[in-house]
Amino acid sequence: MRLSTICSTDCTPLQQMKNLLNEWGSHGTITVLRSFRCGNWYCDPTSSSNAYAYFKSTDGHMFHWDFNLRRSNLSLASYAEAKGGLILVDSTRQGKRMPDGLSKTVPIWCAVINIAVSLRHDVPQDWDTNIYLSPQIVPPTERSQIESKLRAWAESLERSSLPLPHLARPLRPFFIHPSTSYAPSIPETPEYIPIICLSASRWVSKGGDDIPSVTSIGQRKVGFEYVPGGGDDDELWARGLKPLLFHQHKKDLLSVERDDLPSLVDRLVKSADPVAGINTSLMDCDLSSSVLAGVPTPNSLMALDIGPPSTKAPWSLSPSEVLRVVPVDKYPKNTPFLLGVHPSERVLAVPSAKTDGKFYATALRELVDHVRKVSIEQSKPIVLRPGKAVDVRKAIASVNNAQSIDPAAIKITSPSFLVDARKVILPLALVILCALPGISESSTHALPAESNLSKDHVADRLHRLVALWPDGNPPRVALKRVNEFLMSESRK
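Next comes the structure, spelled out in C-alpha cells:
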C-alpha cells in the first residue's frame, strides 16, 4: 500500500536523517526540501521547508545527461548558501538505490554552477569545480562522459541572462539512502555548501535492503505491502489526493480499512475547498495573499499572480486591469476569447495548444492586441492570474449574442492546482514579453524589436520566467505554438 509505504516508521527519511544528524552537531538544523514531485509525499509540510527543488531524473539518464536552463534551480543555490546546506528528499522505484535525479542530476547541477561562478566571478584559487558522484552508483565510464560535458554546460549558463548567484562557497553533494549506516563526514564549518541527496525508498531485490512490512498508527501496528518509490506517478493511483491533503488527513487515511480507503479519498478530495485546491501547490501558495511578481522586472507594466516566485520579485506598481486566465476544452464559435467583465477586469479563455492550435493562436493574437492597447499605448499596469469556470460563463453571458449560445458548446476544466495554472499562464507571459518588449523598458538585457525576434531570444525569456517558477515549465506543445506565433509575427 503506497500511503503506508510513505509513512512507514522504519523508512521515514526525515527520522533517518535526524538519527544521522545527531552525529553532526550544529548541522542538526539543516533545512529539508522536497523534490518535485515524488518527494512531496515523504515530507510533512510542518517539518520541511515551503521551498522546493525541481530536479528531473531524465536529465541524469544514461546518454541523456543535461544541465537544462529551463530547470536551472539557481535560486536554490542561494537558498542553500543562506541555510548552510540542504537535504533534498526523493525516492525511486525498484532496481535502484537512488533516483537519477539525486545521483546524477544534482551532482551535475552543483558542478555546472560552481564552474559558471568561477567563469563570471573572482573566486579563490582552490575553488572546487570537480563533480562528485557516488562510485557505488555511477561507474567510471559514465562519470568520464559526464565530466566531458560540464564545461560546455557551464559556459552556456554563464552566457545566459539567468541570475547566476555569486556564491561564497562551492556546492557539494552527498548521498544517503536507507541502507546508509554512517553520516557523511562534514565539518561544522565546511568550505563548501553541503547538498545532501536523500533517497527515501528501499532497494527491493535479492540481497537488497530490509523491507518494512509494518507501520505505526498511534499505538497500533498496521501491516502493509511495501511499494518502492511509493509517491511516484500519483496521477495513476492517488484518485486526486495530493500531498498536502494527505498530510492533513494522514491519521484517518492510514487507519481506515483498505476496502474503505477509495471512498474516503474521494470524500476528502470532493470536500476540499476548490480555492484551496488551487493553492495545494509545491509551495503551498495562497492566491488571496496577492503575491504579485513583476516580470521581467519589479517595475514592469506586467505582473503575474501565480504564487510566490523562487526569488523575491515584488511589483512596484498597482494594477489598472486584471486578466483572469481560464483553459477551455470546448468554446462557442465566433465568440472572442478575450471577454470583458467590467472596465478593470477581463477574462481570457485559452483553448488547448495540443488539440486546438489554430484557436490557441487566435487567443494569443487577441491577448497581444489588448495588452498593446492597455499597457503599451496607455501605460496601464496589468496582472495575469488564474480564473475559474464561473468567470468564463459570466463573461460569455455578457456578450451581445449570449442567448444564442448553446451551453453544450462550453466545456471548461479549470486547473485544480496552482502548478497547473502556472503552466497555462507562463506561455502567455512569454508571448507578451517577446511580442511587446516595451512592457519592460527597464530590462537590463536589451530586448529585440519584434522584427528581430529569434528562437534564442524566446528561449532566453522562457528561461528567466521558469527560473522564477520552476514547476511551471510549460508543455512542449504550448511552447511550439508560442514560437510559431512569434515567428509569424516577426515576418509581418
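Quick note, in full-length UniProt numbering, the sequence shown goes up one by one and the last residue is 492. Cβ coordinates follow ideal geometry from the N, Cα and C atoms, glycine included.
TODO: Pull up the distance between the alpha-carbon of T105 and that of V325, whole angstroms please.
DONE: 34 Å
Open item on the list: Pop quiz: P343 and V328 are said to be a contact at Cβ under 8 Å. What is the actual Cβ separation, rounded to whole angstroms?
Closed with: The Cβ separation is near 23 Å, so there is no contact.
Open item on the list: By DSSP's criteria, E345 is part of a beta bridge. Which residues make up the other side?
Closed with: As DSSP reads the structure, E345 sits in a beta bridge with V322, H342.
TODO: Reducing DSSP to helix, strand and coil, say where G277 ends up.
DONE: Because the pLDDT at G277 is just 39, under 50, the model does not fix this residue reliably, and the value given afterwards should be weighed accordingly. G277 falls in the helix class under three-state DSSP.
Task: Beta-ladder partner(s) of I195, from DSSP - done: According to DSSP, I195 bridges with L86, P173.
Task: R71 to G60 span [Cα, whole Å] - done: Each residue's CA atom was taken as its position, placing R71 and G60 some 13 Å apart.
- [ ] Determine which residues share a DSSP beta bridge with L245 and list them.
- [x] According to DSSP, L245 bridges with nothing at all.
TODO: Identify whether S35 lies in helix, strand or coil by the three-state DSSP scheme.
DONE: strand
Open item on the list: Within a Cβ cutoff of 6 Å, which residues of the same chain sit near L317, ignoring the five residues on either side of it in sequence?
Closed with: P381
Open item on the list: Could you give the first and the last residue of the continuous beta strand (DSSP E) run that contains A303?
Closed with: 302 to 304
Open item on the list: My output table needs one value for R93: the three-state DSSP class, helix, strand or coil.
Closed with: coil
Task: Beta bridge counterpart(s) of R385 as assigned by DSSP - done: Answer by DSSP bridge pairing, in chain order: R324.
Open item on the list: Please report the straight-line C-alpha distance between Y42 and P99, rounded to a whole angstrom.
Closed with: 14 Å
Task: For V466, the three-state DSSP class (helix, strand or coil) - done: helix
- [ ] Assign T46 to buried or exposed, taking buried as 16 or more other Cβ atoms, counted over all protein chains shown, within 10 Å of its Cβ.
- [x] exposed
Task: Sequence-distant residues of the same chain with beta carbon closer than 8 Å to Q136, five excluded per side - done: R97
Task: Segments assigned alpha helix (DSSP H), at least 4 residues, entirely inside the stretch 44 to 83 - done: 74 to 83
Open item on the list: According to DSSP, is D329 part of a helix, a strand, or is it coil?
Closed with: strand
Task: Other residues of its chain near R464: CB distance less than 7 Å, five sequence neighbours each side excluded - done: S161, L162, P296
Open item on the list: I'd like to check one pair, S75 with S310: are the Cβ atoms closer than 8 Å?
Closed with: yes
- [ ] Just tell me which of P336, R34, S91, C110 has its CA closest to the CA of N68.
- [x] When each option's Cα is compared against that of N68, the closest is C110.
Open item on the list: Within the continuous alpha helix (DSSP H) that includes R143, where are the two ends?
Closed with: 140 to 159
TODO: Answer yes if the stretch 417 to 424 comes into contact with the stretch 469 to 479, meaning at least three C-beta pairs across the two stretches below 8 Å, and no otherwise.
DONE: Cβ pair count under 8 Å is three or more, so yes.
Open item on the list: Let me confirm a value: S26 is counted as buried when at least 16 other C-beta atoms fall within 10 Å, else exposed. Which label applies?
Closed with: Its pLDDT being 45, under 50, S26 is placed unreliably by the model, and nothing is read from it.
Task: N-terminal and C-terminal residue of the alpha helix (DSSP H) that S440 is part of - done: S440 -> no alpha helix (DSSP H), and no H or E assigned at all.
Task: Contact belief for E366 with I193 at Cβ below 8 Å, rounded distance in angstroms - done: Actually they do not touch by this definition, with Cβ atoms about 47 Å apart.
Open item on the list: Just to confirm before moving on: does the CB-CB distance between I376 and L428 stay below 8 Å?
Closed with: no
Open item on the list: By alpha-carbon positions, which one of P170, I432, K330 ends up nearest to R372?
Closed with: I432
Task: Same chain only: Cβ atoms within 8 Å of R346, ignoring 5 sequence neighbours per side - done: E321, V322, L323, R324, L338, L339, G340, H370, A395
TODO: Please list, in chain order, all residues of the same chain as H249 whose beta carbon is under 8 Å from its beta carbon, the five residues on each side excluded.
DONE: L268
Open item on the list: Are the CB atoms of V399 and I412 within a distance shorter than 8 Å?
Closed with: no
- [ ] Could you check the C-alpha separation between A389 and I410 for me, to the nearest Å?
- [x] 10 Å
Open item on the list: According to DSSP, simplified to helix, strand and coil, what is A293?
Closed with: strand
TODO: Report the partner residues of I131 according to the DSSP bridge assignment.
DONE: For I131, which the question treats as bridged, DSSP gives no partner whatsoever.
Task: Candidates P415, T362, L304, K330: closest to R426 by CA position - done: This sequence places Leu at residue 426; Arg is not what is there. That would be L304, whose Cα lies nearest to the Cα of L426.
- [ ] Have a look at I439, S118, Q145, R151 and flag the residue whose alpha-carbon is nearest the alpha-carbon of M302.
- [x] I439
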